[in-house]
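Colleague: Just so you know, the sequences run in chain order A and B.
If you read the first sequence in our numbering, its first letter stands for residue 1475, the second for the next number, and so on.
If you read the second sequence in our numbering, its first letter stands for residue 1475, the second for the next number, and so on.
Quick reminder that beta carbons are idealized off the backbone N, C-alpha and C, glycines included.
Owing to the predicted nature of the structure, the values given are computational and were not obtained by experimental measurement.
Below you will find the structure I want to go over with you.
Number of protein chains: 2
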Amino acid sequence: MKNSKAKGIHYLIDLYGCDEGQINNSEELKDILRLSLKDTEAVVLREYFYRFSPKGVTGFLLLSASHISIHTWPEKSHLTLDVFTCISKDETKKIVEKILKSLKYKKKNVTSYERGFLLEGKGDF
Amino acid sequence: MKNSKAKGIHYLIDLYGCDEGQINNSEELKDILRLSLKDTEAVVLREYFYRFSPKGVTGFLLLSASHISIHTWPEKSHLTLDVFTCISKDETKKIVEKILKSLKYKKKNVTSYERGFLLEGKGDF
């Protein structure tokens, strides 16, 4: 497989007041993340989810030169989510919106960060 | 294994003018990331590295409720690196410094971002 382009957008999302049952359910979280990529250009290279004892889930989808990661603390009703892709900005925004629509929470903190932009037309630092 | 604490620091690092050979070498990158965690509290749950054809590496170390990721574009002498941990800030800074010391590059863009901090003493949003 060929590498994707060296320019991407990275969403850092922290959710509070999450549903304890939902964010302790690794299968449900895996489905939510997988489904968010349906009909997009993103290719999943590998995925792995780990369920802590007694509570908590951590997982990632490694995409073509980018990733989605999720780490949850059900006892604090809290999760962190990263969506970093090198596909179009609009498509990435839709992925984030789909995930947020599927998760139950009370408060969110969303930051987006452009990466690789310095490279535009500058191959030779 | 028990989940780590719900408060962390996330470094987003973009490097430019990297050594093309080094950032196309998945074994060397894996060793650099693994070694950076030596003598720290960070526990690696799973790791995965993928080598693109003809060039490029993408990899992930899933830590106890946090992660390190690396995505490289040798043809652009560019890489992105994320170091997100829930161990102490000092220890995290040392991990980042160790990795940067081991990589050859000309220009860096480093941002750090605190996550989960809203939770301090506020379990009930």
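#1: Answer yes or no: does any C-beta atom of chain A fall closer than 8 Å to that of D1488 of chain B?
#2: In chain order, what residues of the segment 1525 to 1542 of chain A put their CB closer than 7 Å to some CB of chain B?
#3: Output needed for F1523 of chain B: all residues of its chain with C-beta closer than 6 Å, excluding positions within five of it in sequence on either side, in chain order.
#4: Count the other CB atoms, across all protein chains shown, that sit within 10 Å of the CB of G1530 of chain B; report buried if there are 16 or more and exposed otherwise.
#5: DSSP state of T1514 of chain B, grouped into three classes?
#6: Check each residue of the segment 1494 to 1516 of chain B: if its Cβ is closer than 8 Å to any Cβ of chain A, include it; give the result in chain order.
#7: In the DSSP assignment, what are the bridge partners of D1495 of chain B?
#8: Evaluate the contact criterion for the segment 1576 to 1593 of chain B versus the segment 1485 to 1496 of chain B: three or more CB pairs, one atom per stretch, below 8 Å.
#9: Where do the N-terminal and C-terminal ends of the beta strand (DSSP E) with I1561 of chain B fall, by residue?
#10: Between Y1485 of chain B and chain A, is the shortest Cβ-Cβ distance under 8 Å, so that the two count as touching?
#11: How is the beta strand (DSSP E) around Y1587 of chain A delimited, first residue to last?
#12: Distance check for T1546 of chain A and E1494 of chain A, CA to CA, integer angstroms please.
#13: For T1559 of chain A, which residues in chain B fall below 7 Å Cβ to Cβ?
#14: If you run the structure through DSSP and keep just helix, strand and coil, what is S1538 of chain B?
#15: Of all Cβ atoms in chain A, is any one closer than 8 Å to the Cβ of T1554 of chain B?
#16: In three-state DSSP terms, what is K1481 of chain A?
#17: Helix, strand or coil for S1551 of chain B, going by three-state DSSP, please let me know.
#18: Using the rule of at least 16 other Cβ atoms within 10 Å of the residue's Cβ for burial, across every protein chain shown, is S1510 of chain B buried or exposed?
#19: Measuring straight from C-alpha to C-alpha, what distance separates L1555 of chain A and Y1485 of chain A?
#20: Can you tell me whether I1483 of chain A is buried or exposed? The criterion is at least 16 other CB atoms within 10 Å of its CB, across all chains shown.
#21: Indicate whether L1553 of chain A and L1535 of chain A have their beta-carbon atoms separated by less than 8 Å.
#22: Spatial neighbours of K1479 of chain B within its chain, please: CB distance less than 6 Å, with the 5 preceding and 5 following residues excluded, ordered by chain position.
#23: Less than 8 Å separating the beta-carbons of S1543 of chain A and H1541 of chain B?
Modeller: The structure says:
#1: The sequence position of residue 1488 of chain B within the second sequence is 14, counting from 1. Answer yes: the Cβ-Cβ gap between D1488 of chain B and chain A drops below 8 Å somewhere.
#2: Considering only beta carbons, the part of the segment 1525 to 1542 of chain A lying closer than 7 Å to chain B consists of F1526, S1527, K1529, G1530, T1532, F1534, L1536, A1539, S1540, H1541, in chain order.
#3: Taking the second sequence and counting its residues from 1, the one referred to as residue 1523 of chain B is at position 49. The residues are S1500, K1504, G1533.
#4: By 1-based counting over the second sequence, the position of residue 1530 of chain B is 56. In the assembly as shown, G1530 of chain B is a buried residue. Its beta-carbon has 16 or more other beta-carbons within 10 Å.
#5: As a working note, residue 1514 of chain B is residue 40 in the second sequence. The three-state reading of DSSP puts T1514 of chain B in coil, since its state is none of H, G, I, E or B.
#6: If the cut-off is 8 Å between Cβ atoms, the segment 1494 to 1516 of chain B has nothing near chain A.
#7: Position 21 of the second sequence, counted from the start, is the residue given in the question as residue 1495 of chain B. It is Gly, not Asp, that sits at residue 1495 of chain B in the sequence shown. In the DSSP output, where bridge partners are listed per residue, G1495 of chain B has none listed.
#8: With a cut-off of 8 Å, the segment 1485 to 1496 of chain B and the segment 1576 to 1593 of chain B count as touching, because enough Cβ pairs lie within range.
#9: Working through the second sequence from its first residue, we reach residue 1561 of chain B at position 87. Bounds of any beta strand (DSSP E) do not take in I1561 of chain B, whose DSSP letter is neither H nor E.
#10: Translated into the one-based positions of the second sequence, residue 1485 of chain B becomes position 11. No, its Cβ sits nowhere closer than 8 Å to a Cβ of chain A.
#11: Position 113 of the first sequence, counted from the start, is the residue given in the question as residue 1587 of chain A. Segment 1581 to 1589, the beta strand (DSSP E) holding Y1587 of chain A.
#12: In the first sequence, the residue the question calls residue 1494 of chain A occupies position 20. In the first sequence, the residue the question calls residue 1546 of chain A occupies position 72. E1494 of chain A and T1546 of chain A have their C-alpha atoms spaced approximately 9 Å apart.
#13: Taking the first sequence and counting its residues from 1, one reaches residue 1559 of chain A at position 85. Within chain B, no residue comes near T1559 of chain A; the closest Cβ sits about 11 Å away, beyond 7 Å.
#14: Within the second sequence, residue 1538 of chain B is the residue found at index 64, counting from 1. In this structure, S1538 of chain B counts as coil in the three-state DSSP scheme.
#15: Counted from its first residue, the second sequence places residue 1554 of chain B at position 80. Interface residue, yes.
#16: Looking up residue 1481 of chain A in the first sequence gives position 7. Here DSSP, grouped into helix, strand and coil, assigns K1481 of chain A to coil.
#17: By 1-based counting over the second sequence, the position of residue 1551 of chain B is 77. The answer is coil: DSSP assigns S1551 of chain B none of H, G, I, E or B.
#18: Numbered from 1 along the second sequence, position 36 holds the residue referred to as residue 1510 of chain B. Buried, because 16 or more other Cβ atoms sit within 10 Å of the Cβ of S1510 of chain B.
#19: As a working mapping, residue 1555 of chain A is identified with position 81 in the first sequence. As a working mapping, residue 1485 of chain A is identified with position 11 in the first sequence. Their Cα atoms are separated by approximately 8 Å.
#20: Residue 1483 of chain A sits at position 9 when you count from the first residue of the first sequence. I1483 of chain A is buried by the Cβ-count criterion.
#21: As a position in the first sequence, residue 1553 of chain A is number 79, starting the count at 1. As a position in the first sequence, residue 1535 of chain A is number 61, starting the count at 1. At the C-beta level, L1553 of chain A and L1535 of chain A stay beyond 8 Å of one another.
#22: Position 5 of the second sequence, counted from the first residue, corresponds to residue 1479 of chain B. Non-local C-beta neighbours of K1479 of chain B in its own chain, meaning closer than 6 Å and more than five positions away in sequence, comprise C1560, ordered along the chain.
#23: Position 69 of the first sequence holds residue 1543 of chain A. Position 67 of the second sequence holds residue 1541 of chain B. In this structure, H1541 of chain B lies closer than 8 Å to S1543 of chain A by Cβ.
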